[in-house]
Structures are given as structure tokens and as C-alpha cells.
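Here the structure is laid out as C-alpha cells; the discussion comes afterwards.
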Amino acid sequence: MRRFVTYGLVIGVVCGAVLAAQEGRAVAAADEGYRQADHSLTDALAKGDKKTVATLLDEKFQWVEWNGKVHSKGQILEDLGPLAANNEGAMDVRTSDFLGQVERVLGMHHNMRFAHLWVKRPAGWQAFAFLDIPIPLERGEETDVPKPPTNPNADCDNPCRTLPYKPENEAQAGAMAAWLRLKNAEWHPNPEDWTAHADELHETISPKGDVFMLQHVEQLRKQRKLYGEHGADPGENVLVMHMYDFGNVVIQENLQGPKGATKPATWVMRLFVNRGDGWKIAMSAQTRIKEP
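Its first residue numbered 29, the sequence shown is counted upward by one per residue in the working numbering.
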């Protein structure tokens with residue numbers, strides 16, 4: 029419990045600093061329709077009302093536990109108990125609206141972090157994906173020196189040049205192109221190019237910790253200064269990719285693993301938005317897949 033409280037305090041301080049840095053930017057309040065849908069889902073889960081829950085979960089809904097175990101909508105409707113219990117006790121909740129099409133909900137519960145995405149369908153708001161992320165056993169200080177690359181000469185085909193997915197439309201193509209630029213800007217540390225393709229509200233949430241947009245940029249600057257153009261290792265290979273578009277917002281879901289791996293090691297959910305100035309990443313949340 030001490031680890032949980034300490035981590036919560038750290039996150040609170042960091043969030044405050046980030047919000048202060050964005051003081052001049054108008055952040056859209058959560059959609060009232062989403063709030064009603066979220067309340068209705070919580071109430072229906074508590075009452076065991078499968079009919080109502082079914083209307084509030086998107087057909088592609090997935091709940092991914094901290095260990096990478098995936099529950100589909102059909103599996104959840106067979107037994108509401110596990111999701112109902114998981115959905116209780118949320119704290120430090122932060123909700124961000126993305127163009128009235130997607131709501132990003134971040135917070136903590138049950139001694140772990142969560143990232144929830146809701147989408148606006150013609151019939152109304154529905155939960156699209158719930159992801160739980162474990163809290164790091166240790167949190168590195170912001171002043172930590174980035175580690176040098178294990179192999180400065182390593183190539184990065186996947187995910188820097190090719191990906192196992194063909195975009196279905198212009199929105200998905202734009203989001204994918206932005207992500208390829210981001211991966212290259214991480215592989216060959218380029219803080220300027222990375223910043224150009226990252227939304228101000230971007231957060232990276234992983235078992236290693238939480239990194240906000242400005243922190244990520246500073247990390248890239250340090251890597252570039254210390255280790256030069258080849259200052260980072262390539263990202264994990266993408267083994268399976270899916271993309272879903274909602275107007276000018278795109279959700280990406282990936283199964284990833286080390287180079288040469290055939291079994292996925294990481295479940296990742298990303299969010300991209302185009303506010304009229306190009307496609308930019310607005311969230312990357314992931315958890316490690318544990319062997320059963």
C-alpha cells in the first residue's frame with residue numbers, strides 16, 4: 029500500500045507540473061453523454077444487468093488485465109462479476125475529450141493504473157477498451173541518465189519502415205504515417221520531429237512508469253546529446269495490428285514482441301488525433317503479457 033500511495037503522490041506532482049505548462053491551452057471537458065454512459069455502465073455492472081451492459085460495450089470491446097489476459101465482450105457478458113469488481117474503486121481519474129469522438133480516461137484502482145477509451149457511435153457512447161497497467165516496483169528519477177543502446181548498429185525495419193497492417197482509409201493512413209515518424213524519431217533520437225507528431229495531451233503509460241509529452245522530449249534530447257544519432261534501440265516488432273477510426277481520432281491496438289519473436293510480449297493501445305494540424309499521438313498505454 030505504501031508503494032501505491034507514494035506513486036500516487038508522484039503522479040499528482042507530475043500531473044500538476046504538466047497542467048501548469050499547458051495553462052494557456054483550452055482542454056475540452058468530458059462529453060455529458062459519455063458521463064451518463066459511464067455512470068450507466070457502472071450501475072449496470074453492479075446490478076448484474078447484462079442487457080444494459082451489452083448496449084454500453086462496443087462490439088469490439090476488450091478488457092485487458094495487467095498480465096495481458098484479454099476478455100472479449102462475449103466473455104464478459106457470460107460473467108459480469110470480474111469486470112464489475114475491476115470497475116470499482118477508481119481514484120485520481122482524469123478524463124480528456126478528443127473532438128467529441130473519443131474519451132480518454134486515466135486513473136488508478138486496485139493498486140494499479142488503468143486506461144479506458146470510450147467512443148461515440150451513432151447509437152451513443154460505448155466503452156471500447158479497458159486496459160490495466162501494473163505500477164512499477166521502482167520509479168526512476170526524472171534526472172536518470174538514459175541508458176546507451178545495446179546495439180547502435182541495429183536495424184529497424186519493423187516498426188520503423190514496415191508494419192503488418194494496411195490502412196483502410198485516409199484517417200488510418202495519416203495516423204500510421206505519424207507513428208512511423210515517431211518510431212524513427214525515437215530510434216534516431218530527434219526531439220524536434222517527435223514533438224511535431226505528438227499532441228500536448230500525450231502520455232505514455234507502461235509497467236516502467238508514466239512519461240508525459242514534455243518529459244519524453246527531454247529524454248530524447250538527452251539521448252541525442254549523450255549517444256548521438258544512433259542513441260537508442262529499435263522499438264519492439266509489431267506482430268499484430270488493428271486500427272479503428274472515429275472521425276479525426278484513431279485507435280491503434282497492437283501485439284508486439286522482441287525482434288525474431290513469434291509470441292507477443294506486449295499488448296499496446298495507442299490514440300491519435302488530428303486537430304487540423306496533422307495527425308499526432310495522444311496516448312500510448314501498454315502492459316506485458318505473462319505466460320499462463
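Where is the CB? At the ideal position from N, CA and C, for every residue including glycine.
Here the structure is a predicted model, which means the values were calculated and not measured.
* Out of Pro-219, Gly-304, Asn-218, Ala-82, which has the shortest C-alpha to C-alpha gap to Ala-155? -> Ala-155 has its Cα closest to that of Ala-82, out of Pro-219, Gly-304, Asn-218, Ala-82.
* Asked: alpha helix (DSSP H) containing Lys-75: first to last residue?
  -> It spans 60–75 - the alpha helix (DSSP H) in which Lys-75 sits, taken as one unbroken run.
* Could you check what DSSP says for Val-98 in three-state terms: helix, strand or coil? => Reduced to three states, the DSSP call for Val-98 is strand.
* Asked: In angstroms, rounded to a whole number, what distance separates the CA positions of Ala-72 and Ile-317?
  -> Taking the straight line joining both Cα atoms gives about 29 Å.
* Would the stretch 85–93 and the stretch 101–114 be scored as touching if the rule is three or more Cβ pairs under 8 Å? -> At 8 Å Cβ cutoff, the stretches touch.
* Rounded C-alpha distance that separates Ala-4 from Val-147 -> Because residue 4 is not part of the residues shown, which for the chain are 29 to 320, the question remains open.
* **When Ala-289, Gly-275, Ala-56 are compared against Gly-202, the one with the closest alpha-carbon** => It is Gly-275.
* Asked: Can at least three beta-carbon pairs, one atom from the stretch 250–259 and one from the stretch 208–218, be found at a separation below 8 Å?
  -> Yes: at least three Cβ pairs fall under 8 Å.
* To do: Take Val-92 and list the residues in its own chain whose beta-carbon comes closer than 6 Å to its own, dropping the five residues that flank it on each side.
  => Excluding its 5 nearest sequence neighbours in each direction, Val-92 has C-beta neighbours in its own chain below 6 Å: Val-98, Leu-159, Trp-295, listed in chain order.
* Grouping DSSP H, G and I as helix and E and B as strand, with all else coil, what is Ala-313? -> Looking at Ala-313 - three-state DSSP - the assignment turns out to be strand.
* Backbone CA spacing between Leu-254 and Asn-179 [nearest angstrom] -> Roughly 15 Å between the two C-alpha positions.
* What is the rounded straight-line gap between the Cα of Lys-75 and the Cα of Ser-100? -> Cα to Cα, Lys-75 sits roughly 20 Å from Ser-100.
* So the alpha helix (DSSP H) Asp-221 belongs to, where does it begin and stop? -> Unbroken alpha helix (DSSP H) run through Asp-221: 219–224.
* By a C-beta neighbour count over all protein chains shown, 10 Å radius and 16 as the cutoff for buried, is Glu-281 buried or exposed? -> Under the 10 Å beta carbon count, Glu-281 is surrounded by 16 or more other beta carbons and is classified as buried.
* To do: Kindly indicate which three-state DSSP category Arg-249 falls into: helix, strand or coil?
  => Note: Arg-249 maps to helix in three-state DSSP.
* To do: Look at Val-266 and Pro-187 and say whether their C-beta atoms are less than 8 Å apart.
  => Yes, Cβ-Cβ distance for Val-266 and Pro-187 is below 8 Å.
* Might you give, ordered along the chain, the residues of its own chain that have their beta carbon closer than 8 Å to the beta carbon of Ala-206, omitting 5 neighbours on each side? => Result list for Ala-206: His-225, Phe-300, Gly-306, Trp-307, Lys-308, Ile-309, in chain order.
* Asked: Cα-Cα, which of Ile-233, Gly-61, Thr-190, Asn-95 is closest to Arg-298?
  -> By alpha-carbon distance to Arg-298, the top candidate from Ile-233, Gly-61, Thr-190, Asn-95 is Ile-233.
* Asked: Which residues share a DSSP beta bridge with Glu-131?
  -> For Glu-131, which the question treats as bridged, DSSP gives the partners Asp-125, Trp-146.
* Simplified DSSP state of Tyr-255, which is helix, strand or coil -> Helix at Tyr-255.
* Where does Thr-315 land, buried or exposed, given buried means 16+ other C-beta within 10 angstroms? -> Buried is the label assigned to Thr-315, since at least 16 other Cβ atoms lie within 10 Å of its Cβ.
* Give me whichever residues DSSP pairs with Glu-281 in a beta bridge. => Note: Glu-281 sits in a beta bridge opposite His-270, Met-297.
* Asked: Shortest alpha-carbon distance to Phe-142 belongs to which of Gly-117, Gly-152, Glu-166?
  -> Nearest to Phe-142 by C-alpha distance, out of Gly-117, Gly-152, Glu-166, is Gly-117.
* **Lys-79 - containing alpha helix (DSSP H), residue span** => Run containing Lys-79: 78–84, per the alpha helix (DSSP H) assignment.
* To do: Give every residue of the same chain whose Cβ lies closer than 6 Å to the Cβ of Asn-302, excluding the five residues on either side of it in the sequence, and list them in chain order.
  => Exclusion of the five residues before and after Asn-302 leaves Asn-276 as the residues of its chain whose Cβ lies within less than 6 Å of its Cβ.
* To do: Could you give the DSSP three-state label for Glu-87: helix, strand or coil?
  => When DSSP states are grouped into helix, strand and coil, Glu-87 belongs to the strand group.
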